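According to my numbering, the stretch in the sequence shown is residues 91 to 199, in order. For reference, the structure is listed below as structure tokens.
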Amino acid sequence: MFKAKNNVTLIGKMGSDARVTSFDNGSKVVRFEIAQDKDYRANTGKTKRMTEWHKVFAWGTIAQLIEEFGGKGKTVAVTGLLVNRTYVGQDGRARTITEIEIREILGLV
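Written out as structure tokens, the structure is:
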């Protein structure tokens, strides 16, 4: 029997340097976006490129590795979980976003 679970694997480029948040208890979280390019053929017959952006974050040892070795333009492979988060925007309205919590990361050449 197939057992589905929450699992995402992406390969793409870091779209920005990681933004690090440190907490009083010594833990850290890093956040950045991963860009994935997708080529497709337009109605005109020409090949076009579209970029998909994915918001990702990591805690603990993985956060430290990304902070030390990651940077804008680095190609990475990540595996993680989809996480929905709700927050209140500056206009007072509730918003929900989907992010990927990184569980494993691999730097690629």
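The beta carbon of each residue, even a glycine, is placed where N, CA and C say it ideally should be. Predicted, not measured: the structure shown is a model, and the values here were computed from it.
Distance between residue j and residue i (C-alpha atoms, nearest Å)
| i | j | result |
| --- | --- | --- |
| residue 187 | residue 170 | 16 angstroms |
| residue 149 | residue 113 | 11 angstroms |
| residue 133 | residue 139 | 13 angstroms |
| residue 174 | residue 189 | 6 angstroms |
| residue 121 | residue 143 | 13 angstroms |
| residue 168 | residue 115 | 26 angstroms |
| residue 180 | residue 147 | 22 angstroms |
Cross-strand partners of residue i (DSSP beta bridge)
| i | result |
| --- | --- |
| residue 122 | 146 |
| residue 174 | 188 |
Proximity test, residue i beta-carbon vs the ligand FAD heavy atom, cut-off 8 angstroms
| i | result |
| --- | --- |
| residue 162 | Judged by which ligands are present, the structure shown has none, so any question about the ligand FAD falls away. |
Sub-9 angstroms separation of residue i and residue j beta-carbons
| i | j | result |
| --- | --- | --- |
| residue 157 | residue 103 | no |
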